[in-house]
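Q:
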Amino acid sequence: MPVYEQTYRSFEGGPPLRWRWRFVAAQELRVLAVSRVFKFLVLLGGLHYLFRVLQIVAFDIVAQDPNNPLAPLLQRADVFFISGQTFYDFISYQLTLMFVTLLYAGSGMICNDVRNNLLEVYFSKPLRWYDYLAGKFLALFAVGFVLTGGMALLLLFQHALMSPSWQVAEDCLRWSIGALGYSATAVLPSALFILLCSCLVTGQNYAAITVIMTLVANTALAAMFAETMRYQNWYMFSVPVAVGHVGEKLFQLARPQIALTVSWHYSLLYVAVVSLISLVILAFRLRKMEVAS
Amino acid sequence: MTADASRKPVIEARNLSKWFGEVVALNNVTLSVEPGVTGILGPNGAGKSTFIKLALGLYAPSRGEMRVLGEPPRNNRRVLSRIGWCPEVDHFYDHTTGFEFVYWLCRYWGMSSRAARAAAIEACEMVRITDRMDDPIDEYSKGMRQRIKIAQALALSPELIFLDEPMNGLDPRSREEMYTLIRALGDRGISVIVSSHILYEIERITDNVVLLVGGTLIAQGRVRDIRELIDRYPHTIRVISDQPVQLAKRFAGEPGVYAVETRGEVVTIRTLSPDDCYETLNILAVKAPGWVRAIECADNNLQAVFDYLTKKTVSGV
Amino acid sequence: MAFVSLNNLVVEYDDFRALDGLTLEVEAGAIGLLGPNGAGKSTLLKTLLGFLRPRSGTASVMGYRLPKQALEVRRCMGYMPEREVSSPRVSAVSFLAYCGRMFGMTRADALERAHEVLNYVGLGEARYRPMQEYSTGMLQRVKLAQALIHDPKLLFLDEPTNGLDPDGRLEMLALIRDIVSRRKVTVLLSSHLLPDVQQVCQYVIMLNRGQVIRHGPLQELIRPLDHRFEVGVRPGEESVLETVFQQAGWGFRRMTGNGHFDVTLPEGADCADLFRLARQSGVQIRHCVPVKTTLESVFIDSLEENEPETAHARV
């Protein structure tokens, strides 16, 4: 049979590898890119982005142009007015879509590998558990960040370019930091928690349900405590509220919606602690899986 | 364990076909399986599992008839209560003990509490797992899990039992025990149908085989009888000799001898008239003892028969 | 240089002494690793891959000390796991290229090698389709391919013929023999199918309860037994031969399956006497082979020697 006439070439092995996680991350993204559902979700995010692009064009170019017949119309419409609130709103609305996308992309990341016995294959290569974890996490984080902060940064850049005044450009720079911070604060715990549920729960759908249920329970409990104790600051323990709080303060919004009297540093600290706990549990479980594989 | 001619066949299929969309899993199969221990073999996708599921009543035939113990098995409680099945899959409820597993299955099948208890205990005894039957199944080794599956199949005292890859994952010691168990079941009068890919295992359990390839029945019966019937391939006889070259020369001109090969002290003779060849060898063994130290019919085994029947050309012995 | 060298290795796993003072040296070639479930084969493998730290004793693979130089070991060792492996949404080529990348190959290099190794294991056009559509045989080939892509000098195969149909088994065994002979790879084959091990391996190591109970070249373990022959006759003449043996007073028993006789010749008798006896009664002998110990019987006997308290009564 012709099978055995061909053979594979020899391999001397390269130098020890650095940053092995990039292969893991690249492969995850490659696999996601083929999925139709994922492409659809990203498209939805893109549509929102497109809408904002048009909004900025409308505000910066059309509304300022005295010759344009639409100008007076647009100047009077409050909707098109661009301020820090606009970018905050953009990220806030993207957050839901981002979360759903991360849930779709990430809830199967680890449990599917366990189900398909791929851990034995991966860990028999020169790949450590931290490479594996870093790769998966970075892939998720990249997806989440691009959908929120990345697009926001592009919008800010566009706004800074299109707007005639320097003041706006300076504002945009300030808001960029806000966008980065708000986005990171939202994506980091989401990605870590989704990965954690994927690691602990044995099925992709069950992992996704666990994440959603935990989120609902978290918000419900925080609300319950806040109402019964009649102390609004209990709402801080709901992660979405804490994230929103941080975002509002980073964007220095004039009319913040979230009525917490504590400093936003505490909210940020809370989110950081939640992320850290997820990371630690993930690390322990993956180390155990590396040996048990 | 011999086939009792006065008893009816346990499985009868007549012009049986089963298709799924365009895929024809079984194509106009007519066969009957006698009581005793029978092996069913075939390449993957040949229709073995479809055939077994049809016999268990899990599928209905698309065309033709399937009768098990005389009646069609689909939705037929009378027949189904006389059959046992030990599937290949290995899933159990967590934390159940072996005894509970068998007991609850018996209850599920309609037995009263007392009857189910007795049946479960007896089944566990038959597969010799009584000392561990109150331990959770999670703690069982692979061999024990296979045995508890067989216990479940035996619980209703069936007349016919299907074993799907019973030796999967067992270590050699457990394998020996499984052979013994299957033979013991056969001795008790239970007809056993074993489906396996590992041909030398089937050879150790039974001589009766059913060979399915591509959804059709290719051969059925005892391995050596099947071999006799495949006359388009010359018989391959291997002889170990002290004088290989003389022996080869002796046979080279014999009528019916197709080819003679020597390698070291092994002479391989391919002949279309094996009877004459053996006769000559027997005579030589007495007259010139060193010339014939061992005789082996290289292709009288299941693997060779399987190869001949499934391939269109001989791939070499 | 010994490929694998273990000296008094003690490994504990979950408070259980899985390897208890294991000492062995593995030279080049095909070695069969046998043992009942729970004997320590997977623990041994995990230690060789660097996951478990030995409590005491030393282990080294191809000169690299474990567990310190575990990553180097993984680079020159290939592992084909026992359980089914699949990456459903990805094609075999993509999966193998990914595995290749982990060894530091460039993307182009990994892709080329993936195709080469897929040709070698015999996976055809199916390699472009997602792995969820593959049959068991194809998945086994991909499993072997991912163990070979980085050209390892040491290969560990755990039940490589699991789930394969008879043709697939023969092809897999032929592939393994090819890997050993032409590619000069040292193969550690762990399998419960001892006839497969007999076909492929030249050296055998038997483990039980974390220790080596028997090891040696296959030819030394499988010896013909004196004066015992497996005899088969022309169909229909079995009963005649039975009578002949009974009259001659030779001990015999009928074998299951093919119906051959397992006969013990008395002292001083040899094969020619057997043929003479048969010829006198007009019986044509068609099969006459000295009975050899099989690897299975050697294995079971070694186990029983090692654990006399659990010796099973065999029929």
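Chains A, B and C, in that order, give the protein sequences.
For the record, in the first sequence the residue sitting at position 92 is 92 according to the working numbering, with numbers rising by one throughout.
Quick note, the working numbering runs 293 ahead of the 1-based positions in the second sequence.
Quick note, the working numbering runs 610 ahead of the 1-based positions in the third sequence.
Using N, Cα and C, we set each Cβ at its ideal position, and we do this for glycine too.
Fair warning: this is a prediction, and the values are worked out from it, not measured in the lab.
Quick one: using the 10 Å Cβ neighbour count with 16 as the cut-off for buried, is Arg723/C buried or exposed?
A: In the third sequence, the residue the question calls residue 723/C occupies position 113. Looking at its Cβ environment, which holds 16 or more other Cβ atoms inside 10 Å, Arg723/C is buried.
Q: Kindly list the residues whose CB is nearer than 7 Å to the CB of Gly507/B, restricted to its own chain and excluding five residues on each side of it in sequence; keep chain order.
A: Along the second sequence, one-based indexing puts residue 507/B at 214. Around Gly507/B: Ala339.
Q: Counting only C-beta atoms, is His897/C closer than 8 Å to chain B at any point?
A: The residue you call residue 897/C lines up with position 287 of the third sequence. Chain B contact via Cβ: present.
Q: Quick check on this structure: which residue in Gln513/B, Thr509/B, His490/B has the alpha carbon closest to the alpha carbon of Asp500/B?
A: By 1-based counting over the second sequence, the position of residue 500/B is 207. If we check each option's Cα against that of Asp500/B, Gln513/B comes out closest.
Q: Quick one: what does DSSP say Ser697/C is sitting in, helix, strand or coil?
A: As a position in the third sequence, residue 697/C is number 87, starting the count at 1. Residue state, collapsed to three classes: coil.
Q: Near Val683/C, which residues of its chain fall below 8 Å by C-beta distance, leaving aside the five closest residues on each side in sequence?
A: Here the question's residue 683/C lines up with position 73 in the third sequence. Hits under 8 Å: Leu658, Leu659, Gly660, Val671, Met672, Tyr674, Leu676.
Q: The beta strand (DSSP E) that contains Asp768/C, what's its start and end?
A: Along the third sequence, read from residue 1 onward, the residue named residue 768/C stands at position 158. 764 to 768 is the extent of the beta strand (DSSP E) around Asp768/C.
Q: By a C-beta neighbour count over all protein chains shown, 10 Å radius and 16 as the cutoff for buried, is Arg751/C buried or exposed?
A: The residue labelled residue 751/C in the question sits at position 141 within the third sequence. When all chains shown are included, Arg751/C counts as buried.
Q: For the stretch 745 to 764 of chain C, enumerate the residues whose C-beta is nearer than 9 Å to any C-beta of chain B, in chain order.
A: Flagged, chain order: Ser745, Thr746, Gly747.
Q: DSSP three-state call for Ser608/B: helix, strand or coil?
A: Here residue 608/B corresponds to residue number 315 of the second sequence, with the count starting at 1. Annotation note: pLDDT 40 at Ser608/B (below 50); position unreliable, coordinate value reported separately. The answer is coil: DSSP assigns Ser608/B none of H, G, I, E or B.
Q: Is Ser35/A near the ligand SAH, going by C-beta to nearest heavy atom under 7 Å?
A: In terms of ligand content, the structure shown is empty, and the ligand SAH therefore cannot be addressed.
Q: Name the chain B residues whose beta carbon is nearer than 8 Å to that of Ala882/C?
A: Start at 1 with the first residue of the third sequence, and residue 882/C comes out as number 272. The answer, in chain order, is Ala578, Val579, Pro582.
Q: Write down the C-beta distance between Val579/B and Arg889/C rounded to the nearest angstrom, noting that I regard them as a contact closer than 8 Å.
A: The residue labelled residue 579/B in the question sits at position 286 within the second sequence. The residue labelled residue 889/C in the question sits at position 279 within the third sequence. Going by Cβ atoms, the distance from Val579/B to Arg889/C rounds to 6 Å, so yes, they are a contact pair.
Q: Within the 8 Å Cβ cut-off, does Leu492/B reach chain C?
A: The residue given as residue 492/B occupies position 199 in the second sequence. At least one chain C Cβ lies under 8 Å of Leu492/B.
Q: Quick one: which chain C residues come within Cβ less than 9 Å of Tyr601/B?
A: Locating residue 601/B in the second sequence gives position 308, counting from the first residue. Those within 9 Å of Tyr601/B in chain C number zero; the least Cβ separation is about 12 Å.
Q: So Met224/A is in the alpha helix (DSSP H); what residue range does that whole segment cover?
A: Residue 224/A sits at position 224 when you count from the first residue of the first sequence. Where Met224/A is concerned, the enclosing alpha helix (DSSP H) stretches over 204 to 229.
Q: Counting Cβ pairs, one atom from each stretch, are 3 or more of them under 8 Å apart for the stretch 853 to 867 of chain C and the stretch 897 to 916 of chain C?
A: Not touching, per the Cβ criterion.
Q: Does the distance from the CB of Tyr352/B to the CB of Gly391/B come in under 8 Å?
A: Position 59 of the second sequence holds residue 352/B. Position 98 of the second sequence holds residue 391/B. It is not a contact, given that the beta carbons lie outside the stated cut-off.
Q: Could you check whether the Cβ of Tyr738/C sits closer than 8 Å to any Cβ belonging to chain A?
A: Indexing the third sequence from 1 puts residue 738/C at position 128. No, because no Cβ of chain A sits closer than 8 Å to the Cβ of Tyr738/C.
Q: Return the Cβ separation of Thr853/C and Val636/C in integer angstroms, given the expectation that the two are a contact with Cβ distance under 8 Å.
A: For the purposes of this step, residue 853/C is taken as the residue at position 243 of the third sequence. For the purposes of this step, residue 636/C is taken as the residue at position 26 of the third sequence. The Cβ separation is near 52 Å, so there is no contact.
Q: I want to verify the contact list: residues of chain C whose CB lies under 7 Å from the CB of Ala587/B, in sequence order.
A: Sequence index remark: in the second sequence, residue 587/B carries index 294 (1-based). What Ala587/B touches in chain C: Cys898, Val899, Pro900.
Q: Can you tell me which of the three DSSP states Asn461/B falls into?
A: Along the second sequence, read from residue 1 onward, the residue named residue 461/B stands at position 168. Correct three-state label for Asn461/B: coil.
Q: Please classify Val554/B: does DSSP put it in a helix, a strand, or coil?
A: Walking along the second sequence from the start, residue 554/B turns up at place 261. For clarity, residue 554/B is Glu in the given sequence; the question names Val instead. Correct three-state label for Glu554/B: strand.
Q: Under three-state DSSP, which class holds Asp592/B?
A: Counting from 1 along the second sequence, the entry for residue 592/B is found at position 299. In the structure shown, Asp592/B sits in coil (DSSP, three-state: anything other than H, G, I, E or B).
Q: Kindly say whether Leu835/C, judged by its beta-carbon, lies nearer than 8 Å to any beta-carbon of chain A.
A: For the purposes of this step, residue 835/C is identified with residue 225 of the third sequence, where counting begins at 1. For Leu835/C, the answer is no, since every Cβ of chain A falls outside 8 Å of its Cβ.
Q: With a threshold of 7 Å on Cβ separation, who are the neighbours of Tyr93/A within its own chain once the five nearest residues in sequence on each side are excluded?
A: On the first sequence, residue 93/A is found 93 positions in, with the first residue counted as 1. The answer, listed in chain order, is His48.
Q: From this set, Pro762/C, Leu817/C, Met816/C, Leu804/C, which residue's C-alpha is nearest Glu494/B's C-alpha?
A: Taking the first residue of the second sequence as 1, we reach residue 494/B at position 201. Ranking the options by Cα distance to Glu494/B, first place goes to Leu804/C.
Q: Out of curiosity, what's the CA-to-CA distance linking Pro928/C and Asp911/C?
A: Residue 928/C lies beyond the stretch modelled for chain C, which goes from 611 to 925, so this question has no answer here.
Q: State the CB to CB distance for the pair Leu655/C and Gly820/C, rounded to an integer number of angstroms; the pair is presumed to be in contact (CB under 8 Å).
A: Counting from 1 along the third sequence, the entry for residue 655/C is found at position 45. Counting from 1 along the third sequence, the entry for residue 820/C is found at position 210. The Cβ separation is near 13 Å, so there is no contact.
Q: Counting only runs of 3+ residues fully inside the stretch 406 to 494 of chain B, write out the beta strand (DSSP E) ranges in chain order.
A: If we require 3 residues or more, the beta strand (DSSP E) runs fully inside the stretch 406 to 494 of chain B come out as 453 to 457, 484 to 488.
Q: Mark His760/C as exposed unless 16 or more other C-beta atoms lie within 10 angstroms of its C-beta, in which case mark it buried.
A: Residue 760/C sits at position 150 when you count from the first residue of the third sequence. Flag for His760/C reads buried.
Q: Between the Cα of Glu415/B and the Cα atoms of Ile430/B, Tyr396/B, Asn337/B, Thr509/B, which residue gives the shortest distance?
A: Start at 1 with the first residue of the second sequence, and residue 415/B comes out as number 122. Nearest C-alpha to Glu415/B: Tyr396/B.
Q: How do the stretch 366 to 384 of chain B and the stretch 321 to 329 of chain B stand: do at least 3 beta-carbon pairs fall below 8 Å, yes or no?
A: The stretch 366 to 384 of chain B, when compared against the stretch 321 to 329 of chain B, does not touch it at the 8 Å Cβ threshold.
Q: Could you check which residue in Gln167/A, Leu138/A, Thr219/A, Ser176/A has the C-alpha nearest to that of Phe237/A?
A: The residue you call residue 237/A lines up with position 237 of the first sequence. The residue with the shortest Cα to Cα distance from Phe237/A is Thr219/A.
Q: For Arg255/A and Phe90/A, what's the separation of their Cα atoms in angstroms?
A: Against the first sequence, residue 255/A aligns to sequence position 255. Against the first sequence, residue 90/A aligns to sequence position 90. So the alpha carbons of these two residues sit roughly 16 Å apart.
Q: Check each candidate in Met437/B, Val503/B, Thr509/B, Val502/B and name the one with the smallest Cα separation from Leu474/B.
A: Taking the second sequence and counting its residues from 1, one reaches residue 474/B at position 181. For the residues Met437/B, Val503/B, Thr509/B, Val502/B, the minimum Cα distance to Leu474/B belongs to Met437/B.
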